[in-house]
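When we follow the numbering used here, the leftmost residue of the sequence shown carries the number 148, and every step to the right adds one. In what follows, a structure is listed as structure tokens, so that the remarks can point back to it.
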Amino acid sequence: LRRLTTQLQVNGVRPLGLSLDDYYVDREKTVRGPDGDYDYEALEAIDRALLTQHVAQLLAGAEVKTARYDFVTGKSHPDGGPTLQLGTSGVLIVEGIHALNPDVFNESFAGGVYRIFVHPATALPSYPLSILEPTDVRLLRRIVRDAQYRGYTASQTLARWPKVRQGEELHIFPFQNNADLFFNSGLTYELPVLKLWAEPRLAGVE
Numbered sequence: 148l149r150r151l152t153t154q155l156q157v158n159g160v161r162p163l164g165l166s167l168d169d170y171y172v173d174r175e176k177t178v179r180g181p182d183g184d185y186d187y188e189a190l191e192a193i194d195r196a197l198l199t200q201h202v203a204q205l206l207a208g209a210e211v212k213t214a215r216y217d218f219v220t221g222k223s224h225p226d227g228g229p230t231l232q233l234g235t236s237g238v239l240i241v242e243g244i245h246a247l248n249p250d251v252f253n254e255s256f257a258g259g260v261y262r263i264f265v266h267p268a269t270a271l272p273s274y275p276l277s278i279l280e281p282t283d284v285r286l287l288r289r290i291v292r293d294a295q296y297r298g299y300t301a302s303q304t305l306a307r308w309p310k311v312r313q314g315e316e317l318h319i320f321p322f323q324n325n326a327d328l329f330f331n332s333g334l335t336y337e338l339p340v341l342k343l344w345a346e347p348r349l350a351g352v353e
């Protein structure tokens with residue numbers, strides 16, 4: 148997302164970022180899966196009405212106080228995010244696991260939506276008999292992100308990972324062919340950087 152934002156700025160475009168993660172409903176209102184646990188991967192976990200309202204207002208040129216979700220308390224703040232306004236040279240970038248789902252941005256946005264599927268697509272050799280697959284890179288990214296911004300331990304992230312993978316199979320991969328462009332977000336220097344942040348946290352996992 149940051150690489151795309153930087154390139155757009157170089158091209159004279161003013162990008163605004165909006166994350167679907169900030170439009171989660173309150174934790175106690177989150178739909179539950181068959182096991183009775185909260186299903187954060189489900190589309191119903193997103194306040195689509197508020198998201199659609201804010202996107203429509205931004206595209207109309209209005210100034211919008213966007214939403215923010217507190218992952219520590221599990222509370223949504225419908226007007227707790229930054230105030231955004233899309234200028235004449237602006238582009239709105241909406242990112243999140245449901246961004247490719249036509250139920251999120253339906254025909255009312257037709258012609259104005261350009262969909263990009265972003266993921267680390269490169270498998271990297273670790274040892275002669277071991278390969279770090281894109282899934283491994285995404286897990287390491289998630290461990291670091293969850294620890295820094297969401298207050299989760301590596302153990303908690305690992306425990307939730309099977310549900311994340313299940314959510315990908317249900318809510319992301321079926322819609323990836325809706326994308327206009329596939330973008331490889333893998334970086335050659337990424338793993339040495341992630342190691343500094345991930346290894347100490349992984350050391351605390353029993």
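Backbone N, C-alpha and C fix where the C-beta goes; we use that ideal spot for every residue, glycine too. Since the model is a prediction, treat every value here as computed from it, not as a measurement.
Bounding residues of the beta strand (DSSP E) (the contiguous stretch that carries residue i)
i, result
"Pro162", "Arg161 to Ser166"
"Gln232", "Thr230 to Gln232"
"Leu239", "Gly237 to Glu242"
"His224", "Lys222 to His224"
"Asn331", "Leu328 to Asn331"
"Arg215", "Arg215 to Asp217"
"Glu210", "Glu210 to Lys212"
"Phe264", "Ile263 to His266"
Selected residue, minimal CA-CA separation from residue i, among the options
i, options, result
"Trp344", "Arg292, Arg297 and Trp308", "Arg292"
"Thr162", "Gly234, Val202, Pro225 and Thr230", "The sequence as given places Pro at residue 162; Thr does not occur at that position. Nearest option by C-alpha distance: Gly234."
"Asp283", "Ile263, Arg262 and Pro309", "Pro309"
"Leu287", "Gly228, Arg348, Pro225 and Leu328", "Arg348"
"Lys222", "His318, Arg149, Glu175 and Asp186", "Glu175"
"Leu148", "Leu205, Phe264 and Thr269", "Phe264"
"Ala203", "Arg150, His318, Gly259 and His224", "Gly259"
"Gln303", "Lys212, Glu315 and Gly351", "Gly351"
"Gln313", "Thr199, Phe329, Tyr187 and Leu151", "Tyr187"
"Asp206", "Val241, Thr177 and Gly227", "According to the sequence displayed, residue 206 carries Leu and not Asp. Here the closest residue by C-alpha is Val241."
"Glu280", "Pro267, Asp327 and Arg150", "Pro267"
"Phe330", "Arg262, Asp182 and Glu316", "Arg262"
"Leu151", "Gly227, Leu328 and Pro181", "Leu328"
"Ile278", "Ile290, Leu338 and Ala294", "Leu338"
"Arg289", "Glu346, Thr335 and Gly180", "Glu346"
"Tyr185", "Val311, Gln200 and His201", "Val311"
"Glu368", "Thr335, Arg285 and Tyr336", "Given a span of 148 to 353 for the chain in the structure shown, any question on residue 368 remains unanswerable."
"Leu305", "Asp182, Tyr336, Glu353 and Thr335", "Glu353"
Span of the alpha helix (DSSP H) around residue i
i, result
"Val340", "Glu337 to Leu349"
Cβ-Cβ separation, residue j to residue i (assumed contact under 8 Å), whole Å
i, j, result
"Thr269", "Gly333", "4 Å"
"Leu155", "Leu239", "No, Leu155 and Leu239 are not in contact; Cβ-Cβ is about 11 Å, not under 8 Å."
"Asp250", "Leu190", "7 Å"
"Ser236", "Val160", "6 Å"
"Ala214", "Gly227", "7 Å"
Exercise. Do the stretch 165 to 177 and the stretch 194 to 213 make contact, defined as three or more Cβ pairs closer than 8 Å?
Worked result: Segments in contact, yes.
Exercise. Can you list the beta strand (DSSP E) stretches of 3 or more residues lying completely in the stretch 148 to 205, in chain order?
Worked result: Counting only runs of 3 or more, we get 161 to 166.
Exercise. If you scan the stretch 268 to 312 from start to end, which runs of the alpha helix (DSSP H) of 4 or more residues do you find wholly inside it?
Worked result: Segments of the alpha helix (DSSP H) lying fully in the stretch 268 to 312: 281 to 292.
Problem set entry | Three or more C-beta pairs below 8 Å linking the stretch 284 to 300 and the stretch 217 to 229 | Counting C-beta pairs closer than 8 Å gives three or more between the stretch 284 to 300 and the stretch 217 to 229, which meets the contact rule.
For this session: Pair every Cβ in the stretch 236 to 254 with every Cβ in the stretch 318 to 326, then say whether three or more of these pairs are closer than 8 Å.
Result: Output reads yes: the stretch 318 to 326 touches the stretch 236 to 254.
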